[in-house]
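Residue numbers (my numbering): 913 to 1043. Note that CB positions come from ideal geometry on N, CA and C, so glycine has one too. Remarks on the structure that follows.
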């Protein structure tokens, strides 16, 4: 293992205009691929434009799973009420380890009232090694 491992940061984005609001795990139009064996140390969500709704209180979750597949575990926001997503809100996620090349997935619960919003998602990681 390297004595001075390098930290990487990738940025994905949820944009209602591109991604809509669906009630199943959905890959983002502006997504990232987290490499195999990456040790994810930090996930930060920054609300660029507030999530808006026409009615109801939707919930949002962020997951990670095989690229081209679907999320198999949460990395942030398990069913958090949208009111946490006012403009410039910052939310932290959970550390994890990539099991193969993985991508981010988003799911809205009670999603029918979502009408807008832009959320940047930053994922920082080190490359780990399979044993």
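Classification of residue i by the beta-carbon crowding that lies within 10 angstroms, buried from 16 upward
i	result
residue 1012	exposed
residue 934	exposed
residue 981	exposed
residue 941	exposed
Counterpart residues of residue i in DSSP-defined beta bridges
i	result
residue 963	DSSP output for residue 963 lists no bridge partner at all.
residue 1044	Absent from the structure is residue 1044, since the part of the chain shown begins at 913 and ends at 1043.
residue 925	942, 1032
residue 997	Looking at the DSSP assignment, residue 997 forms no beta bridge with any residue, so it has no partner.
residue 934	None, per the DSSP bridge assignment.
residue 949	DSSP output for residue 949 lists no bridge partner at all.
Inter-residue CB distance, residue i and residue j (contact presumed, cutoff 8 Å)
i	j	result
residue 971	residue 1029	Incorrect: roughly 13 Å between the Cβ atoms, too far for contact.
residue 988	residue 959	Contact doesn't hold; Cβ gap of about 13 Å is too wide.
residue 947	residue 1039	7 Å
residue 924	residue 955	Not really, about 10 Å apart at Cβ, beyond 8 Å.
residue 1027	residue 966	5 Å
residue 932	residue 1025	Between residue 1025 and residue 932 the Cβ distance is about 13 Å, and since that is not below 8 Å, they are no contact.
residue 1017	residue 983	4 Å
residue 1031	residue 957	6 Å
residue 1035	residue 952	6 Å
residue 939	residue 1015	6 Å
Three-way DSSP call (helix, strand, coil) for residue i in this model
i	result
residue 1029	strand
residue 1021	strand
residue 982	coil
residue 918	coil
residue 971	strand
residue 1007	coil
Extent of the continuous beta strand (DSSP E) to which residue i belongs
i	result
residue 1004	1002-1004
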